[in-house]
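Protein chains in written order, with the numbering used here: chain A, 1 to 315; chain B, 316 to 690.
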């Protein structure tokens, strides 16, 4: 094997995994409330394009991030309206959202293609911690998106499993009728977390176009949104496991890239298939474990996932 | 309201719904299949016009140009695009009937393309009556192989087929790139990523003189007939429908779910593969980059808008064929091709919304009537 700089590869792992991590965390929040949003790819693209365009226009990256949050939330709002208020099939609504998002990003981002970001999030060395051997360059010489995700993962875990609103969120996702009887607004909760999740996904887009890959191209996300949907299943809807999944994906990206740089005699087209094949493998592994534990093919998804809830005895 | 009162009320509503003639409870098919889609498409066009207007374009002129070029001037090109769309959408519809979300038609399309191309490049000397059936079989096989993996994983381990079929789209695209940038690259192609042009014998014949409408149109019509027979006239088609409506009921009824999932995916992939084969041998005549402008994804919308009905798919595919073939016109009038994707998404949202609203409206009306009857 040609020589690969391990520390550098691991640092790239964290950088490449972070946008996917945001998308996965956003989708976990959404799916926990029982809404399946397959529009991730579109929301990532629109978030990335919005953030990039706003940064180009104003020169301020923080305005860029705000716009990406708003763009992701706006698309998610469409999905929430169609699935929670009108009762459209969630799978099909999510697919249309992907189309709308891809189309919007391509239509409005046309003039931006090929430009480099006017400003982007540079890597910031955290004093003291970045001097640590090995861990310093891997974890503490990254951009702000990465540091924020370090805080976000435990925060979301605490929120979902240890707080009252988090309990309500899980209740709505597992059994909307029970939650409704408890006096929790099912539609309200679903709207809230679909939009919040969408904002996080939008920020994941900005983490690409203003962070790990600061320029704009058509389809810059290359399927990362779909990979994130897969990672949610691998993560069993748990933020900590999402971190593992996202870094596994980032690791595969970084690894195939290092192999290409090191000049391994395998076509780069095959190396670039690895992240997609890894996602399938991760799903197979998850289902295999579940089958082992429960004795039959099953799913660990929130029970109410994908189902429209309508209180029947109104009127 | 106590729990008991609620239960009583729910029962009353149910009783009232049952006494209605079926036409009054169930959404009328005429309205659902004709009026809602038409209104929705009009709404989608309005949204698109507004979007163009606000980005400073002459909306009426652009939409008029697109309509004129797609459905008047170059209608034959619209039909050419509708061929792969119909075939792929038929495949998708077959899987959707069992609520198997096969969204890997794009990859399965390329699966068929790759096998057909391999055959055309390896046997350039064979006469048409030999090589064309061979390539049809190859196209079906290539697509079927690409559909088999998500089917197997879903059947055995309940692996989410949405993700696995979609991931394979990217794999298929990369594999195609590998071949056209590598082993299959035409040595005389000025280093463009294209293969050699196929021999005349290994190209699908043109059906209508003076246009590019090719023999694939016959494939599409035959496929529509076969799928219609399968889903509406065979036991297997009925089993698929039961699985789609209630998987648990299907299991208790003794339907072999594992087997049916695999067959559905294989057939679904095979049809998309046939679409790829007919496109590469009927239109392009060689394998090149971006052979498909997203046919596999558009097929999903077509299947859904046609409510999975094989004959309706044919007509919806022509509508979307017009949209896909308008990409060139859009470039001419200075609009990003992204508008095509955007329009597709908006149409789908409008149709879905219109349909669900109509159903809700019916339900609410039934509720209100049951209340007045009681009092």
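Ideal Cβ placement from N, Cα and C applies to all residues, glycine included. Keep in mind that this is a model prediction, so the values were computed, not measured.
- Query: How about residue 16(A) and residue 250(A): are their beta carbons less than 9 Å apart?
  - Reply: yes
- Helix, strand or coil: which one does DSSP assign to residue 215(A)? strand
- Where residue 116(A) sits in the DSSP three-state scheme: strand
- Item | Proximity winner among 458(B), 629(B) and 654(B), relative to residue 110(A) (alpha-carbon distances) | 654(B)
- Taking residue 67(A) as the query, report the chain B residues whose CB atoms sit under 8 Å from its CB, ordered along the chain. The premise fails here: residue 67(A) is roughly 17 Å from chain B at the closest Cβ pair, so nothing lies under 8 Å.
- Message: Please state the DSSP three-state secondary structure of residue 673(B).
- Response: helix
- Task: Pair every Cβ in the region 26-38 of chain A with every Cβ in the region 222-241 of chain A, then say whether three or more of these pairs are closer than 8 Å.
- Result: yes
- First and last residue of the alpha helix (DSSP H) that includes residue 108(A)? 90-108
- Query: Say the cut is 8 Å; is the CB of residue 607(B) nearer than that to a heavy atom of the ligand NAP?
  - Reply: With respect to small molecules bound, the structure shown includes none, and the ligand NAP cannot be examined in it.
- According to DSSP, is residue 603(B) helix, strand or coil? strand
- What does residue 272(A) reach in chain B if we use C-beta pairs closer than 8 Å? 489
- Can you give me the start and stop residues for the alpha helix (DSSP H) that residue 307(A) sits inside? Here residue 307(A) belongs to no alpha helix (DSSP H), and DSSP marks it neither H nor E.
- Do the region 88-96 of chain A and the region 62-75 of chain A touch if we need at least three Cβ pairs shorter than 8 Å? no
- Message: If contact is defined by three or more beta carbon pairs under 8 Å, each pair taking one atom from either stretch, is the region 584-596 of chain B in contact with the region 454-469 of chain B?
- Response: yes
- Taking the Cβ atom as the reference point for each residue, do residue 403(B) and residue 424(B) lie within a distance shorter than 9 Å? yes
- Pull out every residue of the region 254-278 of chain A whose Cβ sits closer than 8 Å to any Cβ of chain B, in chain order. 267, 269, 270, 272, 273, 276 and 277
- Message: Please report the distance separating the alpha-carbon of residue 314(A) from that of residue 191(A).
- Response: The pLDDT assigned to residue 314(A) is 47, lower than 50, so where the model puts this residue is not dependable; a value taken from the coordinates is nonetheless given after this. Cα to Cα, the separation comes out at about 20 Å.
- Item | Cα-Cα separation between residue 350(B) and residue 664(B), rounded to whole angstroms | 16 Å
- Counting only beta-carbon atoms, is residue 696(B) nearer than 9 Å to chain A? What is shown of chain B runs 316 to 690, which leaves residue 696(B) out entirely.
- Task: Give the secondary structure of residue 464(B) by DSSP, where H, G and I count as helix, E and B as strand, and everything else as coil.
- Result: helix
- Simplified DSSP state of residue 640(B), which is helix, strand or coil: helix
- Query: Using a C-beta to C-beta distance shorter than 9 Å, which residues of chain B count as neighbours of residue 184(A)?
  - Reply: Near residue 184(A) there are no residues of chain B at all, since even the closest Cβ is about 18 Å away, more than 9 Å.
- Which stretch, first to last residue, makes up the alpha helix (DSSP H) that contains residue 484(B)? 476-496
- Could you name the residues that DSSP lists as bridge partners for residue 509(B)? 603(B)
- Query: Got a sec, what are the start and stop residues for the alpha helix (DSSP H) residue 56(A) sits in?
  - Reply: 40-58
- In chain A, which residues lie less than 7 Å from residue 671(B) when you measure between Cβ atoms? 86, 87 and 88
- Task: Grab the span of the alpha helix (DSSP H) containing residue 138(A) for me, first residue to last.
- Result: 135-139
- Of all Cβ atoms in chain B, is any one closer than 9 Å to the Cβ of residue 122(A)? no
- Verify the CB distance criterion: does residue 9(A) have a CB-CB separation below 9 Å to chain B? no
- Using the beta-carbon of each residue, which ones in chain A are nearer than 9 Å to residue 675(B)? 86, 87 and 310
- Message: Does residue 407(B) come out as helix, strand or coil in the three-state DSSP assignment?
- Response: helix
- So, is residue 383(B) buried or exposed, given that buried needs 16 or more other C-beta atoms within 10 angstroms? exposed
- Message: At the level of alpha carbons, what is the spacing between residue 220(A) and residue 276(A)?
- Response: 15 Å
- Query: If you follow the alpha helix (DSSP H) that residue 16(A) is part of, which residue opens it and which one closes it?
  - Reply: 6-32
- Leaving out five residues on either side along the sequence, give the residues of the same chain with a beta carbon under 7 Å from the beta carbon of residue 180(A). 186 and 311
- Rounded C-alpha distance that separates residue 486(B) from residue 493(B): 10 Å
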